[in-house]
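Notes to accompany the following structure.
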Amino acid sequence: MPRIPRFTINDGFYHVLCRGHNKREIFHEDSDFLKYLKTLREAKTVYSLKIYHFSLIPNHVHLIINAQKGEDLTKAMRFLNQNYAQYYRAKYGGCGYVWQDRFKSFLIQSGIYLIRCGIYIELNSVMAGLANNPEDYRWSSCGVYVSGKKSNLIDIDPEYAAISENKDERRRVYSEYLRDGLKEKRSLQRYFRDGVYGDEGFVEKLKKSGLQQRTWHKGRPKND
45 MPRIPRFTIN DGFYHVLCRG HNKREIFHED SDFLKYLKTL REAKTVYSLK IYHFSLIPNH
105 VHLIINAQKG EDLTKAMRFL NQNYAQYYRA KYGGCGYVWQ DRFKSFLIQS GIYLIRCGIY
165 IELNSVMAGL ANNPEDYRWS SCGVYVSGKK SNLIDIDPEY AAISENKDER RRVYSEYLRD
225 GLKEKRSLQR YFRDGVYGDE GFVEKLKKSG LQQRTWHKGR PKND
């Protein structure tokens, strides 16, 4: 059965997931994480992307990307994954696959859906047992939002910016979102699958534009 072509739109928000081949680790030491982030910055510049959230787990990667041109998402991820795979094989040897198949992506509706995806991504380190608190994990964007960590990679999530004009209040509220996410991390996982994340109107609009059904979650997420 042929696989469904990737559906993209201009100025879309995407949750991107890349896994190591056979779920093997793709990052073994700090220099590997740093190389990936350097290449991600290059892809961002070349393809005019915005990167709102990321989390690098030893055997997989989560990104939230805004691509002005839909086709640039695929071009950017091909650039990123091919360059990192070349680096990985040169460093560790072997000639097999580094990544598990092609990357997965799904479209995200703007607003609360976007920031909820970001929270899920940044909670991955806790769910994987790599940190007790998401802001303590070095290889994610969480520190940018919780403590104001400087970054030459991250563009501030517009929903985060809309929380308050006061930076301390934004950080406080975002920290509360993270704590709420930790309490319900199991239910959060059902939202993040290959497909679309948004309300019924958003999904129907995309279907009229040619989206074929895969897996999506419809309905407004809880925002306690």
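Number 268 marks the last residue of the sequence shown (the working numbering); no jumps. Quick reminder that beta carbons are idealized off the backbone N, C-alpha and C, glycines included.
Grab the span of the beta strand (DSSP E) containing residue i for me, first residue to last.
i	result
SER99	93-101
TYR181	Neither: TYR181 is in no beta strand (DSSP E) and is coded neither H nor E.
ALA111	104-111
ARG63	56-63
Taking residue i as part of the alpha helix (DSSP H), name the residues at either end of that continuous run.
i	result
LYS88	74-90
LEU250	244-252
GLU203	202-205
What's the gap between the Cα of residue i and the Cα of residue j?
i	j	result
ASP116	TYR91	6 Å
GLY254	LYS113	16 Å
VAL142	HIS97	23 Å
ARG50	GLY225	29 Å
LEU232	GLU86	Confidence is the limiting factor: at LEU232 the pLDDT is only 48, short of 50, which leaves the residue's position unreliable and the question unanswerable from this model.
ILE163	GLY192	16 Å
ARG237	LYS211	The pLDDT assigned to ARG237 is 47, lower than 50, so where the model puts this residue is not dependable; a value taken from the coordinates is nonetheless given after this. So the two alpha carbons sit approximately 32 Å from each other.
ILE70	THR89	23 Å
TYR218	TYR181	16 Å
ALA109	VAL247	Going by the sequence as given, residue 109 is Ile instead of Ala. Roughly 19 Å separates the two Cα atoms.
SER75	HIS104	16 Å
ASN177	GLU209	25 Å
LEU222	LEU84	25 Å
LYS249	GLN126	33 Å
HIS106	CYS161	10 Å
ILE53	GLU203	20 Å
GLY155	GLU213	18 Å
ARG122	LEU81	15 Å
HIS72	LYS252	44 Å
- request: Write down every uninterrupted run of the alpha helix (DSSP H) in the region 133-173 whose length is 4 residues or greater and which is fully enclosed by it, in chain order.
  value: 156-166, 168-171
task = State whether the region 161-170 contacts the region 64-72, with contact taken as three or more CB pairs (one from each stretch) at a distance under 8 Å.
result = no
When the Cβ atoms of the region 239-256 are set against those of the region 185-203, are three or more pairs found closer than 8 Å? no
Check whether the region 50-59 touches the region 144-158, counting contact only when three or more Cβ pairs, one atom from each stretch, lie closer than 8 Å. yes
Q.
Under 8 Å, with one C-beta from each stretch per pair, do the region 123-142 and the region 167-187 reach the 3-pair mark?
A. no
Item checked: the region 134-141 contacting the region 172-191, beta-carbon criterion three pairs below 8 Å -> no
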